[in-house]
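Numbering (the numbering used here), first residue to last: 1 to 232.
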């Protein structure tokens with residue numbers, strides 16, 4: 001893959017003091033990215049062991065599936081099993097239609113399809129199947145993206161928290177660099193959870209931070225306060 005020489009491929013649970021992190025410091029949320037989970041056999045095991053440790057300490061676990069084909073090549077069955085185990089102990093599962101299908105084997109809408117606004121019920125059906133497969137998870141988030149052209153996207157999101165649905169209808173956004181939009185969404189979503197907001201605001205804020213990230217020629221958004229984000 002394109003990160004063949006990255007030092008992060010050698011991450012090990014032995015490099016971290018888990019009792020200090022989860023016990024003494026009381027980390028509230030452990031967030032795991034599927035990119036790191038699939039980066040190498042070492043990082044796959046690292047993420048799995050981190051998730052098991054966080055569960056033991058009662059820490060909330062967030063898992064963004066984030067499928068990347070080049071990372072999965074030749075390891076499909078192995079990574080499917082690892083991702084399914086991490087998902088089984090996660091409190092928050094995040095992905096898009098492609099992630100849920102390719103990582104967890106959950107049937108869903110065609111990836112990258114058109115008229116995305118007309119398929120909301122199909123996306124909700126997919127999330128319902130994910131919820132049935134992973135009953136211990138309480139929050140499911142699905143980003144919605146339809147590419148009109150390189151600089152114009154329709155961007156939306158779906159959240160299921162318990163039995164409560166929140167839909168952010170796909171809306172046209174101007175895109176300078178799409179890389180980082182998904183991570184921006186996750187950051188905003190988790191920020192809202194940590195702030196103790198109602199779940200409706202979690203996904204709305206995540207939608208806005210994701211949209212903001214795509215307006216910069218980097219894979220992260222520039223610093224912004226809540227007022228700036230809510231103005232989007």
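No residue lacks a Cβ here, since even glycine has one placed at the ideal position from N, Cα and C.
Do residue j and residue i come within 8 Å of each other at the CB atom, strictly closer than that value?
i, j, result
"residue 144", "residue 127", "no"
"residue 70", "residue 92", "no"
"residue 211", "residue 173", "yes"
"residue 86", "residue 54", "no"
"residue 136", "residue 88", "yes"
"residue 106", "residue 129", "yes"
"residue 66", "residue 99", "yes"
Using only CA atoms, which one of the options lies nearest to residue i?
i, options, result
"residue 125", "114, 170, 140, 115", "140"
"residue 133", "90, 153, 13, 7", "90"
"residue 72", "155, 162, 34", "34"
"residue 232", "216, 209, 37, 217", "209"
"residue 59", "26, 181, 118", "26"
"residue 68", "152, 88, 55, 95", "95"
"residue 115", "107, 153, 137", "153"
"residue 216", "177, 228, 206", "177"
"residue 202", "16, 229, 80", "229"
"residue 9", "47, 20, 17, 22", "47"
"residue 20", "38, 57, 31", "57"
"residue 64", "196, 199, 185", "185"
"residue 181", "101, 155, 204", "155"
"residue 183", "171, 108, 32, 97", "32"
"residue 45", "147, 80, 187, 163", "80"
Determine whether the Cβ of residue i lies closer than 8 Å to any Cβ atom of chain B.
i, result
"residue 109", "The structure shown contains no chain B; it holds only a single protein chain."
Using a 10 Å radius around the Cβ and a threshold of 16 neighbouring Cβ atoms, would you call residue i buried or exposed?
i, result
"residue 43", "buried"
"residue 7", "exposed"
"residue 213", "buried"
"residue 101", "buried"
"residue 41", "exposed"
Using DSSP's beta-bridge definition, name the partner residues of residue i.
i, result
"residue 157", "143, 168"
"residue 32", "63"
"residue 95", "142"
"residue 178", "Note: residue 178 sits in no beta bridge, so no partner."
"residue 149", "152"
"residue 173", "153"
Measure how close the beta-carbons of residue i and residue j come, nearest whole angstrom, since I'm counting them as under 8 Å.
i, j, result
"residue 234", "residue 194", "Given that the chain is displayed from residue 1 to residue 232, the structure contains no residue 234 and the question cannot be resolved."
"residue 123", "residue 104", "Between residue 104 and residue 123 the Cβ distance is about 15 Å, and since that is not below 8 Å, they are no contact."
"residue 192", "residue 206", "7 Å"
"residue 169", "residue 117", "6 Å"
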